[in-house]
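If you count by the numbering used here, then the sequence shown holds residues 2 to 178, one letter each, in order. By construction, the Cβ of each residue, glycine as well, lies at the ideal position given by its N, Cα and C atoms.
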Amino acid sequence: MELTSFRQIAGINPSDLGSAGIPAEFGFQERALANLQGIDFSTVAARLDRDWLWRELTQHAYWAKYRTRAMFERQLDNAWRTVGAYRAADGQMVGFCRAFSDGVAMAYLADVYVSREDRGRGIGRGLLRVMIDDGPGRSFRWMLHTADAHHLYQEFDFAAPDATFMERRCQLPHVRS
Numbered sequence: 002m003e004l005t006s007f008r009q010i011a012g013i014n015p016s017d018l019g020s021a022g023i024p025a026e027f028g029f030q031e032r033a034l035a036n037l038q039g040i041d042f043s044t045v046a047a048r049l050d051r052d053w054l055w056r057e058l059t060q061h062a063y064w065a066k067y068r069t070r071a072m073f074e075r076q077l078d079n080a081w082r083t084v085g086a087y088r089a090a091d092g093q094m095v096g097f098c099r100a101f102s103d104g105v106a107m108a109y110l111a112d113v114y115v116s117r118e119d120r121g122r123g124i125g126r127g128l129l130r131v132m133i134d135d136g137p138g139r140s141f142r143w144m145l146h147t148a149d150a151h152h153l154y155q156e157f158d159f160a161a162p163d164a165t166f167m168e169r170r171c172q173l174p175h176v177r178s
């Protein structure tokens, strides 16, 4: 059974998309962003070091341990937007986040991650700034689930949901191969 991509479900014609996977009418282009504290931030998905990211997330991120490599690859391939953080000196990836969205009004922030040795330098804040404030979804309603770094997300106006928010919990088996 072939699964349908998010873009197909959303009714977005791939030929109408720019290289960022964002409708051209928004006028937003993928780009490498200014250096911050020796870190380059980039929205160019082809630059992601998928092997590094797979290792880091599945070994060090509590929320990613259930994923198979195939699931991980599909999540990256179908992401609405990704942001990578790289050491300016050698290009080594040190952080990442991704989002999925309807491209109009709502987005979900996922997989915000900074390598353990690079934490505490503002890289997470930089990732969120590029993803949320500097991107095409700056006016969207953003959502996420997290057990940590609440103070960081509150800086970007995240707050506990009100009584109108409901969710259906994940039904996937928690296995990884």
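Nearest to residue i (by Cα), restricted to the options the options
i: A62; options: V113, D158, R75; result: V113
i: S140; options: G127, D158, I124; result: D158
i: I40; options: D149, V105, Q93, A100; result: Q93
i: R75; options: F101, W53, Q60; result: F101
i: Y87; options: R68, E168, L54, W64; result: L54
i: R117; options: Q60, G138, D134, Q172; result: Q60
Reduced DSSP category for residue i - H, G, I as helix; E, B as strand; rest coil
i: F42; result: strand
i: V95; result: strand
i: F73; result: helix
i: M132; result: helix
i: D52; result: helix
i: T165; result: coil
i: F29; result: Confidence at F29 is low in this model, with a pLDDT of 42, below 50, so the placement of that residue should be treated as unreliable; the coordinate-derived value is given next. Three-state result, F29: coil.
i: T59; result: helix
i: R117; result: helix
i: E110; result: Checking the sequence shown, residue 110 turns out to be Leu, not Glu. The answer is strand: DSSP assigns L110 an E or B state.
Residue i vs residue j beta-carbon contact at 8 Å
i: L110; j: L145; result: yes
i: R99; j: A71; result: no
i: G123; j: Q38; result: yes
i: F73; j: G85; result: no
i: G127; j: F42; result: yes
i: Y154; j: T165; result: no
i: L49; j: T83; result: yes
i: A106; j: W143; result: no
CA-to-CA distance, residue j to residue i, given in whole angstroms
i: L58; j: A160; result: 25 Å
i: V45; j: V95; result: 15 Å
i: A90; j: D103; result: 36 Å
i: G136; j: T69; result: 29 Å
i: V115; j: D134; result: 19 Å
i: E156; j: A150; result: 10 Å
i: K66; j: D119; result: 21 Å
i: V131; j: R170; result: 29 Å
i: P162; j: A47; result: 34 Å
i: M167; j: R56; result: 32 Å
Any C-beta of chain C under 8 Å from that of residue i
i: Q76; result: Absence of chain C from the displayed structure is noted, only one protein chain being present.
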